[in-house]
Amino acid sequence: MKEIKCPNCGEMFQIDESNYQAIVNQVRDQQFSDDLKLREAQLVKEKESALTLVKKEMQNEIEKLKLQLEQKDNENEVNIQLLKNKTEMDYLKELNEKENKILELSNKLENKENESNLIIEKMVNAKDKEIVELTNQLENRESQFKIKENSLKEKYESQLKSKDDLIDYYKDLKAKLSTKLIGETLEQHCENEFNQIRATAFKNAYFEKDNDAKTGTKGDYIFRDYDDENNEIVSIMFEMKNEEDKTATKQKNEDFFAKLDRDRKAKNCEYAVLVSLLEKDNELYNTGIVDVSYRYEKMYVIRPQFFIPMITLLRNAALNSMKYKRELATIRNQNIDISNFENEMNEFKDKFSKNYELAARRFKTAIEEIDKTIIHLQKTKDALLSSENNLRLANNKAQDLSIKRLTRNNPTMQKMFDEQK
């Protein structure tokens, strides 16, 4: 396809090769014709200008000669008397000289005209030669364009023939098989297409029939691809649909969208793809990969020839997003670690707070007990100090105790001590 800009509105639009070639040929032929006419007009104009210039110069020379002759005639009239005195030979000689001068000027004028004609002829020959060269170039380009056009025509005819052969093959195939067998053949076709490139392009991929009907429904095939670390890259739920041409009620692709979406969600697949040969005359589904995500999320409808390109496209897109998924998972794990750390820290703070409160209560109780003990010891101390004072007084009294004091006012004891002495 080619892009062309409109000279009036400036809008860009696309045309195919054949229309583009026709416009190029039309513009080229018209431009060449315009250039040729313009150059011919320029040559004629240049020739006319040169002739006009030469004629103007000749006219000027003639006017000068006439003016000179008039001046000479005036001089002759003024000096007629002097000329009468000259001899006839002198007059004839002067007349001959003038005639010779006029003849010489006429010859010069004729030579200039011949030179101008020669220059014009050379210019015309050069222009003719240039026109011949341009014509040859135009013919060469036309031959090249024809060769290219024939090559493109053969190429497109070959592609059209291949497509026609493929259409005839499927028509013949559908005419021979029943509806169920056609569907199974389409599934087998897709499975064979995938198995041909599995070892090289999808060595870690899983592509098998969906046999799990626990949810009450199941799709046709499930595709899952993994990286070398066994991380899932992409997953696709496939549904294959076809019908025989003679079927009374023609099914539509959109009749299977809701079921395919339920199967995708039930089997936890990221994408849903309907591989369909239904509605073979619908141009919407014949142009290529059809995105129907406006109806159901991440759903596409394709023809069988786009089966492998569809898988490759979705897988490559998922590979490009794997880096961001890993970064997101890392950030998510970091957030989980931070959350766990915060939870553990809060749990530690709660336990520490409980232990602190318990220890504080016990510490307060111990301080109260200590205070009570201090009070009790203070009382004991005071009692001991009081006892010490009493003992001191008793000691003082004991120190002051003597036989004389004991026997004072006791004659009996005085007598007994005296006897002992």
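Here my numbering is used: position 80 in the sequence shown is 187, and no number is missing along the way.
Beta carbons: idealized from backbone N, C-alpha and C, even for Gly.
What residue range is occupied by the uninterrupted beta strand (DSSP E) comprising Lys348?
-> 339-348
C-beta contact flag for Leu426 and Tyr378 at 9 Å | When the beta-carbon positions are compared, Leu426 and Tyr378 stay at least 9 Å from each other.
Kindly indicate the opening and closing residues of the beta strand (DSSP E) around Asp370.
-> Segment 364-373 is the alpha helix (DSSP H) holding Asp370; no beta strand (DSSP E) there.
So Pro411 and Val382 are in contact, right, with Cβ under 8 Å, and what is the actual spacing, rounded?
-> 6 Å
With 16 other CB atoms within 10 Å as the buried threshold, where does Cys376 fall?
-> Classification of Cys376: buried, given that the 10 Å Cβ count is 16 or more.
Reducing DSSP to helix, strand and coil, say where Asp272 ends up.
-> helix
Does the Cβ-Cβ distance between Asp532 and Lys310 come in under 9 Å?
-> This structure gives no information on residue 532, because the portion of the chain shown stretches from 108 to 528.
Using the Cα positions of Leu492 and Ile474, report the straight-line distance between them to the nearest angstrom.
-> 26 Å
Nearest-angstrom Cα separation, counted from Arg371 out to Phe459 = Their Cα atoms are separated by approximately 50 Å.
Taking only runs of the alpha helix (DSSP H) that begin and end inside the segment 378-419, which ones reach a length of at least 4 residues, in chain order?
-> 390-393
Put Glu315 into one of helix, strand or coil per three-state DSSP.
-> strand
Closest Cα partner of Phe364 within the set Lys357, Ile238, Glu350, Phe345 = Phe345
C-beta contact flag for Val209 and Leu174 at 9 Å = A quick correction: the sequence has Ile, not Val, at residue 209. In this structure, Leu174 does not lie closer than 9 Å to Ile209 by Cβ.
Leaving out five residues on either side along the sequence, give the residues of the same chain with a beta carbon under 7 Å from the beta carbon of Glu168.
-> Leu212, Leu216
Does the distance from the C-beta atom of Asp368 to that of Glu404 stay below 9 Å?
-> yes
Answer with buried or exposed for Ser156, where buried requires no fewer than 16 other C-beta atoms within 10 angstroms of its C-beta.
-> exposed
Taking Phe309 as part of the beta strand (DSSP E), name the residues at either end of that continuous run.
-> No beta strand (DSSP E) contains Phe309, which DSSP labels as neither H nor E.
Within 9 Å, strictly: CB atoms of Leu145 and Lys234 | no
When the Cα atoms are used, what is the spatial distance from Thr519 to Asp525?
-> 10 Å
Inter-residue spacing [alpha-carbon to alpha-carbon] between Val380 and Thr437 | 31 Å
Reduced DSSP category for Asp332 - H, G, I as helix; E, B as strand; rest coil = strand
Going by other Cβ atoms of all chains shown within 10 Å of its Cβ, with 16 needed for buried, is Tyr313 buried or exposed?
-> exposed
Three-way DSSP call (helix, strand, coil) for Lys321 in this model = coil
Contact check, Glu164 vs Lys229, beta carbons under 9 Å | no
Tell me whether Asp327 sits in a helix, a strand or coil according to DSSP, three-state version.
-> coil
Determine the burial state of Cys77: buried for a count of at least 16 other Cβ atoms within 10 Å of its Cβ, exposed for fewer.
-> No answer is possible for residue 77: the residues shown for the chain start at 108 and end at 528.
For Cys376, which of helix, strand or coil comes out of DSSP?
-> coil
Between Thr324, Asp275, Phe414, Asp271, which lies nearest to Ile304 when the distance is taken from Cα to Cα?
-> Of Thr324, Asp275, Phe414, Asp271, the residue nearest in Cα terms is Phe414.
Look at the alpha carbon of Arg433 and the alpha carbon of Leu391, and state the distance between them as a whole number of angstroms.
-> 37 Å
For Leu465, collect the residues of the same chain with a Cβ closer than 6 Å to its Cβ; drop the 5 residues on either side in sequence, then sort them by chain order.
-> none
At a cut-off of 8 Å, is Lys236 close to the ligand MN when judged by its beta-carbon and the heavy atoms of the ligand?
-> Although the ligand MN was asked about, the structure shown includes no ligands whatsoever.
Taking all protein chains shown into account, decide if Phe470 is buried (16 or more other Cβ within 10 angstroms of its Cβ) or exposed.
-> exposed
Tell me which same chain residues have a C-beta within less than 7 Å of the C-beta of Leu288, skipping the five on either side of it?
-> In this prediction, Leu288 scores a pLDDT of 41, lower than 50, which makes its location untrustworthy; the coordinate-derived value is nonetheless stated afterwards. Closer than 7 Å at Cβ, skipping near neighbours: no residue.
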